[in-house]
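For the sequence shown, the numbering used here gives the first residue as 11, with consecutive numbering after it. Scroll down for the structure; my scribbles are underneath it.
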Amino acid sequence: YNQSVISCANTTMTPLLMDSEKLDSDNMHDTSSNQARITFTTAGTYYIQMVARTAAANAEWALYMLEGDGPVWLYRNTLHLTNSVAHTQQVSAILTRSAASYISMNMWQNSGSSQNVENWTGAGSYSMPRTYMLAFRIA
């Protein structure tokens with residue numbers, strides 16, 4: 011998850027950087043470099059989830075799960091917002107991945123100006139961040 015808001019420029023694919031972790035038992039995420047990535051260290055089948063809470067802005071927002079550095083996108087969730095209310099978007103999948111392959115989490119929006127993706131504002135070890143990514147091996 012990220013402890014700070016993430017600014018997304020207008021009509022620009024923006025990597026969503028995650029500078030903190032709650033659990034990473036397989037060393038799949040680095041909080042100092044390539045923060046928008048999950049790099050699979052063990053080949054297998056994984057459940058992957060990416061969640062982002064958008065700013066309250068009239069815009070089209072799209073959350074992308076990208077293969078490697080892109081531009082190939084695996085999954086996308088698009089919202090067309092006209093009510094200036096913050097919304098949570100989610101992309102999830104079950105994918106078979108090879109060791110050393112990676113995916114990244116990216117956001118795109120077209121509000122006409124830069125907009126923020128919200129940060130974690132929870133308290134305590136059991137609260138859920140508003141913007142996060144996770145992956146765990148299921149087979």
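Think of the CB as a built atom: it goes at the ideal place given N, C-alpha and C, for glycine as much as any other residue.
Query	Result
Asn126 - containing beta strand (DSSP E), residue span	125 to 127
Closest by C-alpha distance to Leu84, when choosing among Thr98, Arg147, Thr106, Ser124	Thr106
Classification of Ala72 by the beta-carbon crowding that lies within 10 angstroms, buried from 16 upward	buried
Whole-angstrom distance between Ala53 and Thr64, CA atom to CA atom	32 Å
Burial state of Phe50, where buried means 16 or more other Cβ atoms lie within 10 Å	buried
Identity of the residue in Pro25, Thr55, Asn44, Glu77 nearest Ala62 by Cα	Pro25
Pair within 8 Å by beta-carbon distance, Ala46 and Ser114	yes
Sub-8 Å separation of Ser124 and Asn20 beta-carbons	yes
Ile16, buried or exposed, once every other Cβ within 10 Å from all chains shown has been counted against 16	buried
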